[in-house]
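Before any comments, here is the structure.
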Amino acid sequence: MHNRLRAASTIPSASLLQEVCRPQQNLPSTRVPELPVVAPAVSAPGTVHIAAAPYLSVSVAPPLYMVHILYEGQNRSLQGAQRVWSHVGHSGWKDTLDVELQSAGPQAWRGVYLVTLAALSSLAHLEVQLAFKGVVADEERWDNNGGANWSLAIELAPGEGLLAVRPEPPPRDLVSSLLLRIEALAAQSLLTPEQGSLLRTLAWQRDFELLKAYKKVRLQADSEVVGELQSRCGFLRRPGLHVVHIASEMAPLAKVGGLADVVVSLAKAHQAAGTLAEIILPKYDCIRYADVAELRQLVQLEVPWGGSTIKTVVWAGIAEGLPVYFVEPYSRERFFWRGRFYGEVDDAERFLFFARAALEFLVWEEETQGKQPDALHIHDWQSAAVAPLLKEQYRARGLTRPGVVLTIHNIAFQGWLTPNYLDLMGLPRAGAYTPERLLDDTRPGFAAAQPDINLLKGGIVYADAVTTVSPTYAREVFAPEFGMGLQGVLGRHAGKFRGILNGIDPDMWDPATDAALPAHYTAADTAGKAVCKAALLAELGLPAKPNTPLIAVVSRLTEQKGLPLILHGLRVAQQAGAQFCVLGSAPESAVQQGFERWAAELAGGTAGRLVLRYDEALAHRIYAGADAILIPSFFEPCGLTQLIALRYGTIPVCRQTGGLADTVRDVAHSGAPEHERNGFTFAGKSEADVETVLRRAIDAYRDAGEWWHGQLVPRAMRQDWSWSRSAQDYLQLYRHLKQG
């Protein structure tokens, strides 16, 4: 995804510096043609020129590297900017600065970023990462290379001067395979803890020589791998952050909702930024094991549970290019051998054990390899117990480094347990069983004399930082309507609470490359979307009708998702002559049966189809083939549905709540600039409200088809809802915790 950077051998260093750095009124050309990849004929200290968008050059004169930046805004998102900054850092976004660029001519901006040699682990190696932001029509905008950012690497080669190094980035699964192999070799004492630590650092810093060496021996015996790895232990670069996600879901292995997508997408975004991102997941029997590579047993632990222990095996594998550890307890309760992820009467007990087992594994890593993360990122109530367990018990067992970030994806689910489980957790009742910590005396239906413990509440109290998945939802949860009984504890801990908007994985959700689609398309050429619509209608058994919108619902069919408004909205669409399709299921049998009866009524007709199951591939085709998507949620912490739909040019019709309010701006009524308006919104909860907005969208499709297809769809597709900005927000949060 990154631009290929090319070294120029024909421009002398002095003239290049003069050309880039001198004041310019008119730039004859800010777009430099690509040149052959050859070493520049200069001697260090000197200058190397990188021809790319943006136009960059680097010079070295001890004690500084100077990165000269020339940015051209023409035909980019910052076209017409009044001011432009380069958001730039080095060695995995360290020493990040916002460098304000100076005007260098029409739509061109220039500036300099300085890196001291003392800031680098290797004086001969510089890596720079950058993106751009600006002010256009009094609104902040970003240009981050489509979510990939820009990066360059420079090597100071003896006798050759500065070399621009930009090989293709290594596959994520190769990096993760190496990290897990190092773990296994260290566990067998074939590598010392010091060697394991050094090699792990090189691996997550993407050391190309190490990865090239490992690729040659990846499939060979441990003795061959050890010899190759040990030869690299004399080299070390400054380590990046190490973050471990402890979660109950991860796409595509174990997915029920958006939590699974967030965990994997955020970890991948951080991995791309040079962070070691790992995931700890229960080893469910219903995981999609076909998507796990190099699965192997790593260690057997005895996890304390009550007055005894439970034998627990931790497995290691690679999924989505990430290192993943799977916790498998051999308990008589068969905690994760149930054939499904949730829905058991002992769910709270199952995930309480998972939290404790994850911490036992981290203690084992620290004791055997000296490995500790900088941050533990826990998600929802299922892993919230990690926070009190760490602070009350596992700090004393050596886990002194990691801070804890708790992300609340949906505050409605909190994880209640009776107080006797404090003993199983190993927590002292005197400290934990209080209203200020885990005791919950607000849950309806429980006598004041026998309140429950609330795992999510304990996570909020004990975590170092608490986030939720959109700024609007972060404000809403302080109200009783949305806080679900926890608004008081959130108010007491408001200083460590904030909303960070979720993103989507632009590789997973890309209509230009999506393997599930019958045709591909982009914002510049949307012709393939019509092909996708025709194919979807045929797949569903619906006829193609001219000038007729296809309205989709991709959702769990629950009250939270606005079930009454979904039903009424689809009836309205049918009455208005539109077509519709639904993909989803209802956890309540009565609701599911009602939809099944309606599906039978619709069969053979021309109005709509209901597909009452989860089907990932069909979801991709619906996002591509539909014209609009209905999302009338009563509350929505963030929502990924609207972000995916926008990526595919399918226009959201949604209620203004939570993350929907942060991401969808009405095409007619929003105060946002025209280029940010991307959907149809309403604020109320009545059937009349959803009817009004749907008829407005249907009329716009029919009466302004040229605008819809020619302007609105490309505009929606161009908007960046990747993790690029939010991932940086989380990295800043991790760094803040690391610094104490």
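The sequence shown: position 373 = 373 (the UniProt record's numbering), numbered continuously.
Just so you know, even glycine gets a beta-carbon here, dropped at the ideal spot from N, CA and C.
Burial state of residue i, where buried means 16 or more other Cβ atoms lie within 10 Å
i	result
V38	The pLDDT assigned to V38 is 30, lower than 50, so where the model puts this residue is not dependable; a value taken from the coordinates is nonetheless given after this. So V38 ends up on the exposed side.
H49	Low confidence applies here, because H49 scores a pLDDT of 49, under 50, leaving its location unreliable and the question unanswered by this model.
R181	buried
N454	buried
P637	buried
H669	exposed
P549	buried
A41	Its pLDDT being 30, under 50, A41 is placed unreliably by the model, and the measurement read from it follows with that caveat. By the neighbour-count rule (16 or more Cβ atoms within 10 Å), A41 is not buried but exposed.
L114	exposed
N502	buried
residue 742	The first residue shown for the chain is 1 and the last is 740, placing residue 742 beyond what the model contains.
Q82	exposed
L219	exposed
K545	exposed
E194	exposed
D380	buried
6 angstroms CB neighbourhood of residue i in its chain, flanking five on each side removed
i	result
N144	A131, S724
E278	V244, P323
M484	I411, A412
S265	D505, W723
E392	L427
M250	A260, V263, V264, I279, L281
I408	T468
Beta-carbon proximity of residue i to residue j, cut-off 8 angstroms
i	j	result
D514	H620	yes
L456	Q487	no
G398	L737	no
P543	G499	no
A617	V653	no
W305	F353	yes
A355	I246	yes
T368	A187	yes
G569	P632	yes
I629	L712	no
residue 747	F351	The requested residue 747 is not part of the displayed model; the chain covers only 1 to 740.
S177	I287	no
residue 776	L490	Nothing about residue 776 can be reported from this structure: the residues present for the chain run from 1 to 740 only.
E333	P673	no
T312	A269	no
T275	G240	yes
G639	L612	no
I622	A578	no
K283	E328	yes
E101	W93	According to the sequence displayed, residue 101 carries Leu and not Glu. No, these two residues do not count as a Cβ contact at 8 angstroms.
F478	Q560	no
A700	G649	no
A586	Q592	yes
Cut-off 8 angstroms between Cβ atoms - residues of its own chain near residue i, not counting five sequence neighbours on either side
i	result
D666	R677, G679, F680, T681
G458	A384, A385, A387, P388, A432, R437, L438
Q79	G73, Q107, V136
R695	V572, A576
residue 741	Any question about residue 741 goes unanswered here, given that the chain covers just 1 to 740.
L185	L191, G196, D222, V225, V226, L229
Residues near residue i in its chain [Cβ-Cβ closer than 7 angstroms; skip 5 each side]
i	result
S331	I310
R702	N547
L540	C581, R609
D98	W85, H87
E127	H90, S91, S151, A153
Min CB distance residue i to chain B below 8 angstroms
i	result
T663	You won't find chain B in this structure, because it holds only one protein chain.
Residues sharing a beta bridge with residue i, DSSP
i	result
E365	Bridge partners of E365: none, in fact.
H242	L276
A375	V243, G403
S308	W305
E328	V313
V553	V582
residue 741	Summary: the structure shown does not reach residue 741, with the chain confined to residues 1 through 740, and so no result is reported for it.
C654	I631, T681
D729	Per DSSP, none; premise fails for D729.
V386	Its beta-bridge partners do not exist; DSSP assigns none.
V693	Bridge partners of V693: none, in fact.
Inset, instruction - Give a yes or no on contact between the segment 426-434 and the segment 642-662, applying the rule of three or more CB pairs nearer than 8 angstroms. - result: Counting Cβ pairs under 8 angstroms, fewer than three are found: no touch.
Inset, instruction - Evaluate contact between the segment 544-558 and the segment 524-531, counting only Cβ atoms and requiring at least three cross-stretch pairs below 8 angstroms. - result: No, because fewer than three Cβ pairs between the segment 544-558 and the segment 524-531 fall closer than 8 angstroms, the two stretches do not touch.
Inset, instruction - For the segment 343-350 and the segment 533-541, state whether three or more C-beta atom pairs, one from each stretch, are separated by less than 8 angstroms. - result: Contact between the segment 343-350 and the segment 533-541 is absent, because fewer than three Cβ pairs lie under 8 angstroms.
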